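J.: Structure incoming, see below.
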Amino acid sequence: MHTEPVVFSGGPLDGRVLPVLTGMTGRPPKFYQVPVDGDRVHVYRLEPRAYSRRLRLPRGWRYVHAPDTAPPRRHWPWSRPSRPSGPAAPEQDG
192 MHTEPVVFSG GPLDGRVLPV LTGMTGRPPK FYQVPVDGDR VHVYRLEPRA YSRRLRLPRG
252 WRYVHAPDTA PPRRHWPWSR PSRPSGPAAP EQDG
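Just so you know, the sequence shown maps onto residues 192 to 285 in our numbering.
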């Protein structure tokens with residue numbers, strides 16, 4: 192896998208440059224999650240750092256802290272609701 196140094200702005204990682212794994216296209220993931228104590232997670236959103244002059248292609252990436260964003264959910268089949276393992280028992284009034 193290839194890594195790329197990415198700048199973080201805002202939040203607890205403000206000003207840090209960390210190596211982030213890139214995909215097959217050379218682009219880092221859209222969201223970066225930093226787990227904090229318990230269930231809390233700091234979410235960073237990917238943005239282009241600058242654009243080239245002629246073709247307006249992104250030149251480098253940076254992560255911006257997005258405190259109001261919920262952690263992204265995985266899509267199907269990971270988000271499929273779980274089904275009961277056995278047959279449903281009939282309810283009894285009593």
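Glycine included, every Cβ here is placed at the ideal spot set by N, Cα and C.
All values derive from a computational prediction rather than experimental measurement.
Do P203 and V211 have their CB atoms nearer than 9 Å?
T.: Cβ atoms of P203 and V211: not closer than 9 Å.
J.: For V198, I'd like the list of residues in its chain whose CB is within less than 6 Å of its CB, leaving aside the five on either flank, ordered along the chain.
T.: If we look at V198 and ignore the five residues flanking it on each side, its Cβ neighbours are V208, R253.
J.: Taking its Cβ as the centre, do 16 or more other Cβ atoms sit within 10 Å of Y223, making it buried, or is it exposed?
T.: Burial call: buried.
J.: In three-state DSSP terms, what is L237?
T.: Strand.
J.: From H193 to G217, what does the alpha carbon distance come to, in whole angstroms?
T.: Each residue's Cα considered, the two are about 8 Å apart.
J.: Which value, in whole angstroms, describes the spacing of the CA atoms of R264 and L246?
T.: Spanning the two alpha carbons is a distance of roughly 33 Å.
J.: Which one or two residues does DSSP pair with S200 in a beta bridge?
T.: S200 pairs with V255.
J.: Could you spell out where the beta strand (DSSP E) holding Y223 opens and where it closes?
T.: Element bounds for Y223: 222-226.
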